[in-house]
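Take a look at the structure below.
Listed below in structure tokens is the structure:
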């Protein structure tokens, strides 16, 4: 029996995709610059089926890549040559809702926004809210440690994951964490969140949900430029306030969002969206304080959303910003880096200067409260040299983030796109230590083998030493 026939026996006739026409759907994720056709795609419906698939891959030394909704922006779900994709889209059940203990247990294919939809009638919500929350899956959020606008106050995915059921790369079923808040032993759930599919496949996740606050208010403040808006962000945090969210958009991002959503944003150089929540009296006081700080920093217009519908439209515009840039540019690169908040004016000035020098426009969208940048470098692929110039500019922006004490990614992950930059952020001993951890989980490097690290190091390889990866020898994975 062939490898593929064995998989079909496990998954049934509708659980295996092998035709080129159908597998092409899975050749990339949201980052379309990289494309690889998988050998096959499997669609398991249970942890037992995932186990069976992974055991076969382990025995045959076939690499595999777990995939959720495919909305990732770093190439994390890019297939591996002659490997398989494990699509978890059919594992989409909410298994348990425990309101008394503020817990929800879900399968990895559950859509992020559906968790909140399930518990909202009872006054709860799931806090991590990436812009793609209406389509992205919890499994993908776990893989990338996804963030979102409201993670300034409520924390990233890792803050809200209590336990994970994982199929390890040899097919063993393991359980990390627990429903309690402080389980003994190593924090393996914390290790797994953000590991980008390199340590195994999540098949069940226990999430923490949060009680909806009594009052939520969203303030818009229009500034003449992003420098003044950035100064206001620093002053708000320095005043001891912790808003639920502080988002910033520059004029190009505002134009794009208005064209797509008609959010009624003011036409300005820099726009702040500040959301405050809590008891009514506290929010009223904070709104007044934030308004005063914005005025002190030159805000020309300040307004507060008056209805829930108006507030929803404000956020719809912000969350549509990435896709909306397609209305003002035929092609663009979505970048993701982190800097200290106080460095916002400096890096914005540098981005503007470098964009002008390269003849490219850059739209800027920020989770400004925690320094997470999303510059969108616009170009036209039809103009010779522009795509390369855009790639150079995008990489230089990330290098500046490192120079300013930040990071090459805040929430999109390293994946395929940024793995060559890991050596610019970490020393060789740092990378070797990370590799030891990866090898403890996956000594044959079958789980998403070509991602995160600058090259697919062989387990046991010493710093400065080169050993050919067994998947390279077999012609399965190519060294980049």
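In the working numbering, the protein residues as written are 477 to 956. Glycine residues also receive a C-beta, built at the ideal position from the N, C-alpha and C atoms. Computed from a predicted structure; not experimentally measured.
- In this structure, the CA atom of residue 565 is about 23 Å from the CA atom of residue 799.
- The beta carbons of residue 899 and residue 930 sit closer together than 8 Å.
- By the CB criterion at 8 Å, residue 570 and residue 580 fall inside the cutoff.
- Residue 792: member of the alpha helix (DSSP H) spanning 784 to 795, first to last residue.
- If the five residues before and after residue 887 are omitted, its C-beta is found closer than 6 Å to the C-beta atoms of 622 and 623, all from its own chain and listed in chain order.
- Residue environment: residue 785 is assigned as exposed (fewer than 16 neighbouring CB atoms within 10 Å of its CB, all protein chains considered).
- Burial state of residue 912 is exposed, judged by a 10 Å Cβ sphere holding fewer than 16 other Cβ atoms.
- Using a Cβ distance threshold of 8 Å, residue 845 and residue 722 count as a contacting pair.
- For the 8 Å CB-CB criterion, residue 554 and residue 510 form a contact.
- For residue 830, the uninterrupted alpha helix (DSSP H) segment begins and ends at 820 to 834.
- For residue 669, the three-state secondary structure derived from DSSP is coil.
- Here the C-alpha atom of residue 651 lies approximately 48 Å from the C-alpha atom of residue 704.
- In this structure, the CA atom of residue 716 is about 18 Å from the CA atom of residue 694.
- Taking a cut-off of 8 Å on C-beta distances, the segment 799 to 815 touches the segment 717 to 737, as three or more cross pairs fall below it.
- Residues 579, 580, 581, 582, 591, 602, 614, 636, 637 and 638 of the same chain have their beta carbon placed closer than 8 Å to that of residue 683, with the five preceding and five following residues left out of the count.
- In terms of Cα proximity to residue 567, the closest of 523, 599, 928 and 600 is 523.
- In the three-state DSSP reduction, residue 859 falls in the coil class, being neither helix nor strand.
- Counted as a single uninterrupted DSSP element, the beta strand (DSSP E) harbouring residue 518 occupies residues 516 to 518.
- In terms of Cα proximity to residue 561, the closest of 772, 500 and 697 is 500.
- When only Cα atoms are considered, residue 530 and residue 923 end up about 9 Å apart.
- DSSP places residue 815 in the coil class of the three-state scheme, outside both helix and strand.
- In the structure shown, the three-state DSSP call for residue 612 is coil.
- The way I'd put it, the segment 747 to 756 does touch the segment 686 to 701; three or more beta-carbon pairs between them come closer than 8 Å.
- In this structure, residue 665 lies away from residue 584, with their beta-carbon atoms at least 8 Å apart.
- Nearest C-alpha to residue 551 among 853, 670, 891 and 642: 891.
- In the structure shown, residue 883 falls within a strand segment according to DSSP collapsed to helix, strand and coil.
- Taking one beta carbon from each stretch, the segment 869 to 876 and the segment 807 to 820 have 3 or more pairs nearer than 8 Å; the two touch.
- CA-to-CA, the gap between residue 759 and residue 713 works out to about 15 Å.
- Assigned with DSSP and collapsed to three states, residue 580 falls in strand.
- DSSP places residue 808 inside the beta strand (DSSP E), whose first and last residues are 807 to 810.
- Residue pairing for residue 854: DSSP places it in a beta bridge opposite 808.
- Counting the other Cβ atoms within 10 Å of the Cβ of residue 881 gives fewer than 16, which makes it exposed.
- Collapsing the DSSP output to three states places residue 898 in a helix.
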